[in-house]
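Heads up: the structure comes next, in structure tokens.
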Amino acid sequence: MSSRNSRSLFDAAILKSACVESLRKLDPRHQIRRPVMFTVFVGSLFTTVLAVDAFLGRGGESPWFVTSVSAWLWFTVLFANFAEAMAEGRGKAQAATLRQARRDVTARRFRDVPADGRLSAELHQAISAGQVGDRKELESVTASQLRKGDCILVPAGDYIPADGEVLDGIASVNESAITGESAPVIRESGGDRSSVTGGTLVLSDWLVIRVSTDPGETFLDRMIALVEGAKRQKTPNEIALDILLSAMTLVFLLASVTLIPFSRYAVDLAGSGSPVTMVVVVALLVCLIPTTIGGLLSAIGIAGMDRMIQANVIATSGRAVEAAGDVDVLLLDKTGTITLGNRQAVEFLPASGVRIEERAEAAQLSSLADETPEGRSIVVLAKEKYGLRGREVNQRHVTFIPFTAQTRMSGVDFDGRQIRKGAADAVDSWLKERKGEFPVSLRAIVDEISRKGGTPLVVTEGNRALGAVYLKDIIKGGIRERFNQLRAMGIRTVMITGDNPLTAAAIAAEAGVDDFLAQATPEMKLNYIRQCQSGGRLVAMTGDGTNDSPALAQADVAVAMNSGTQAAREAGNMVDLDSNPTKLIEIVEIGKQLLMTRGALTTFSIANDVSKYFAIIPAAFAGIYPGLKVLNVMRLATPQTAVLSAVIFNALIIVVLIPLALKGVRYRAVGAATLLRDNILLYGLGGFFVPFVGIKVIDVMLALVMGA
8 MSSRNSRSLF
18 DAAILKSACV
28 ESLRKLDPRH
38 QIRRPVMFTV
48 FVGSLFTTVL
58 AVDAFLGRGG
68 ESPWFVTSVS
78 AWLWFTVLFA
88 NFAEAMAEGR
98 GKAQAATLRQ
108 ARRDVTARRF
118 RDVPADGRLS
128 AELHQAISAG
138 QVGDRKELES
148 VTASQLRKGD
158 CILVPAGDYI
168 PADGEVLDGI
178 ASVNESAITG
188 ESAPVIRESG
198 GDRSSVTGGT
208 LVLSDWLVIR
218 VSTDPGETFL
228 DRMIALVEGA
238 KRQKTPNEIA
248 LDILLSAMTL
258 VFLLASVTLI
268 PFSRYAVDLA
278 GSGSPVTMVV
288 VVALLVCLIP
298 TTIGGLLSAI
308 GIAGMDRMIQ
318 ANVIATSGRA
328 VEAAGDVDVL
338 LLDKTGTITL
348 GNRQAVEFLP
358 ASGVRIEERA
368 EAAQLSSLAD
378 ETPEGRSIVV
388 LAKEKYGLRG
398 REVNQRHVTF
408 IPFTAQTRMS
418 GVDFDGRQIR
428 KGAADAVDSW
438 LKERKGEFPV
448 SLRAIVDEIS
458 RKGGTPLVVT
468 EGNRALGAVY
478 LKDIIKGGIR
488 ERFNQLRAMG
498 IRTVMITGDN
508 PLTAAAIAAE
518 AGVDDFLAQA
528 TPEMKLNYIR
538 QCQSGGRLVA
548 MTGDGTNDSP
558 ALAQADVAVA
568 MNSGTQAARE
578 AGNMVDLDSN
588 PTKLIEIVEI
598 GKQLLMTRGA
608 LTTFSIANDV
618 SKYFAIIPAA
628 FAGIYPGLKV
638 LNVMRLATPQ
648 TAVLSAVIFN
658 ALIIVVLIPL
668 ALKGVRYRAV
678 GAATLLRDNI
688 LLYGLGGFFV
698 PFVGIKVIDV
708 MLALVMGA
């Protein structure tokens, strides 16, 4: 993970910026977007006016009391602004880092290039030799002059000036400016690793790239806009909670307003006592409305997206982060997600009458020039298990036969020997052409490997079949345990693969997924997601290819790999900068953590308000109804210290909860019933009892200061 992602919760630079932003956010145009805090903001203005009146001798309250209440109300607003600014500051710091990766470099644009992007043999040779100087085919332009559809050449040592798709060439690219990972990656034409991002550096070889965006519309530009928390749109869940909090605020506002005429009527009726003052009514209103969650709600949402950024995932919508918390179906690609991504040789199985050492030697010899992961694994297995090194071949005249789609075989010819390895049916045809036979015993071995979910490669020398190599998809370590965790969370896991049903079933059973989709086509993926959604389920999916785009666009949570195609990245609502397909599991946990944090603090805030009722109501009405003193269960010193203690606690609790809002509630993979129970016990009861202790401590301190 990059250094920027290890940024401390309270970075000094972010703290300083947040303090300044807290003051800027006092702008009424900003405050009115948060109904609960806007009510506190208006109350602060009102009590400030009352404080001025008190100092001029026109108010009925003590100037120090009114001023103290007004000051702590302002602090409440500022602390809420500070929480939001802290959450935004972390995103803006990320955006600043990304801006450093954006640079206006010189680009080598082709004046004319074939539609398929393939270069002429002469130009290809010149570029490979590093002779790109003043060639007539190229012109130098700045990155800002590039337009969508332009073709550019990026040799080793140059920065890629714009987003695009590789048309020709293969190169090692340093993407640390985007992903934070120092290890370079390979980018090449064709397949799902042909997409490149502007601002990354070509380390070796060269690439011909077709630009896919106009200036200002690059992936980097979009990421910068997305990670700046101030531009984050509220999610449906957040809007619904805002409406609930606004309704509660309105109810308490109406109730508080009626207290003044009611108290005056009660005084007139009793002929004694004093009515409730405006300052006490404002204090009561601020303490009873859900100011705690109202002050932290925006910070919780922004921090949720920031935690995605910390995981190197860019969420293009806040709704996707929330949806991740409610996902109950998870579609995972087999290759690279559940398995290591490359099949490996695990066993040599000789045909009847063939020594296993002879079989292993032939398999190794046929794989010496095979640079595929499968080929290298065969060489390694023969070396480690049988001590075969194949050194003698290197000293003779040999002809290596590369694998082709037509023959579906590879091998080697030397000293009159013809050794081949390949698919069973391809080798069968090879043997028939040479008057050989495919042994029945070997056919049984091939079928057994297939039933186990493996891939059989048959090895032959001349017209004689020697045996089979058992290639197996290696399940990632710990993946079964992760699936068990997801199952405990109520999430159904589905493996997507292009393998045949027999192979898919074997791998699914070994990995521990709940279901699988074999021989999956784009249409099958799309239909499967629609079927799940029609049943009321929320579906998450990861993908990197153009063929994944329809399904990604349909999924509720769609995670596209940064290394994937432009089509996949545009279809997804999240982009994984690390291009790690297993990140989907972490994304779900972050989404659930966001929802848990919001639920926990909402529960705490509502329970909190109940406790503050016992502090302010007795203080407000004790002068009219002496019998209400029995509700002063905290034994607060005076009505003034009681009200002021509640207001101070109301402000300070927001400060105490800022780290929790930014970091989030620790997620545990347990059932919904257990989560609900723990939430009520910890944050419900905690929110009820903590104010009793906090208000009492503040009251004692105020009493000592005032000599009450």
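In my numbering, the protein residues as written are 8 to 715.
Even for Gly, the Cβ is constructed at its ideal location relative to N, Cα and C.
Since we're looking at a predicted model, the values are computed, not measured.
- The beta carbon of residue 509 is closer than 8 Å to those of 457, 458, 460 in its chain, skipping five residues each way along the sequence.
- At a Cβ-Cβ threshold of 8 Å, residue 216 and residue 245 do not count as neighbours.
- In this structure, residue 299 places its C-beta atom within 8 Å of the C-beta atom of residue 615.
- Checking the DSSP bridge columns, you'll see residue 477 partnered with 354, 463.
- Residue 90 is not a Cβ neighbour of residue 308, given a cutoff of 8 Å.
- Taking every protein chain shown into account, the CB of residue 341 has 16 or more other CB atoms within 10 angstroms, so this residue is buried.
- The three-state reading of DSSP puts residue 191 in coil, since its state is none of H, G, I, E or B.
- At the C-beta level, residue 79 and residue 658 come within 8 Å of one another.
- Rounded to whole angstroms, residue 293 and residue 625 show a C-alpha spacing of 16 Å.
- The residues 25, 28, 29, in chain order, have a CB closer than 6 Å to that of residue 92 in the same chain once the five nearest residues on each side in sequence are set aside.
- Between residue 368 and the set 603, 419, 410, the nearest pair of CA atoms involves 419.
- The DSSP assignment places complete beta strand (DSSP E) segments of no fewer than 3 residues inside the region 503-534 at 522-524, in order along the chain.
- According to the DSSP assignment, residue 61 belongs to the alpha helix (DSSP H) that extends over 42-62.
- The alpha-carbon separation between residue 473 and residue 528 amounts to approximately 36 Å.
- Judged by DSSP in its simplified three-state form, residue 163 adopts coil rather than helix or strand.
- Counted as a single uninterrupted DSSP element, the stretch harbouring residue 687 is not any beta strand (DSSP E), since DSSP gives it neither H nor E.
- In chain order, 546 place their CB closer than 7 Å to the CB of residue 540, counting only its own chain and leaving out the 5 sequence neighbours on each side.
- Per the coordinates, the alpha-carbon of residue 330 lies some 18 Å from the alpha-carbon of residue 249.
- Boundaries of the beta strand (DSSP E) harbouring residue 408: 405-408, taken from the DSSP string.
- Here residue 708 is exposed. Its C-beta has fewer than 16 other C-beta atoms within 10 Å.
- Between the alpha carbons of residue 145 and residue 202 lies a gap of roughly 22 Å.
- In the three-state reduction of the DSSP assignment, residue 702 falls in the helix class.
- Residue nearest to residue 116 within the set 96, 333, 167 is 167 (criterion: CA-CA distance).
- In the displayed model, residue 655 falls within a helix according to three-state DSSP.
- Judged by beta-carbon spacing, residue 504 lies within the 8 Å limit of residue 523, meaning their Cβ atoms are closer than that value.
- Within the same chain, Cβ atoms closer than 6 Å to the Cβ of residue 480 are found at 346, 350, 514, the five residues on either side in sequence being excluded.
- With 16 or more other Cβ atoms from the protein chains shown falling within 10 Å of its own Cβ, residue 596 counts as buried.
- If you draw a straight line from the Cα of residue 262 to the Cα of residue 338, it comes to about 51 Å.
- The DSSP-derived three-state label of residue 559 is helix.
- Under DSSP, the beta-bridge partners assigned to residue 158 are 217.
- Between the region 578-595 and the region 312-326 there are three or more inter-stretch CB-CB distances shorter than 8 Å, so the stretches are counted as touching.
- Unbroken alpha helix (DSSP H) runs of no fewer than 4 residues, entirely contained in the region 278-304, are found at 285-295, following chain order.
- For the options 550, 468, 258, the alpha carbon positioned closest to that of residue 590 is the one of 550.
- Per the C-alpha coordinates, the member of 710, 691, 665, 672 positioned closest to residue 87 is 665.
- Boundaries cannot be given for residue 422, as no beta strand (DSSP E) includes it and DSSP labels it neither H nor E.
- One alpha carbon belongs to residue 674, the other to residue 604, and they sit about 9 Å apart.
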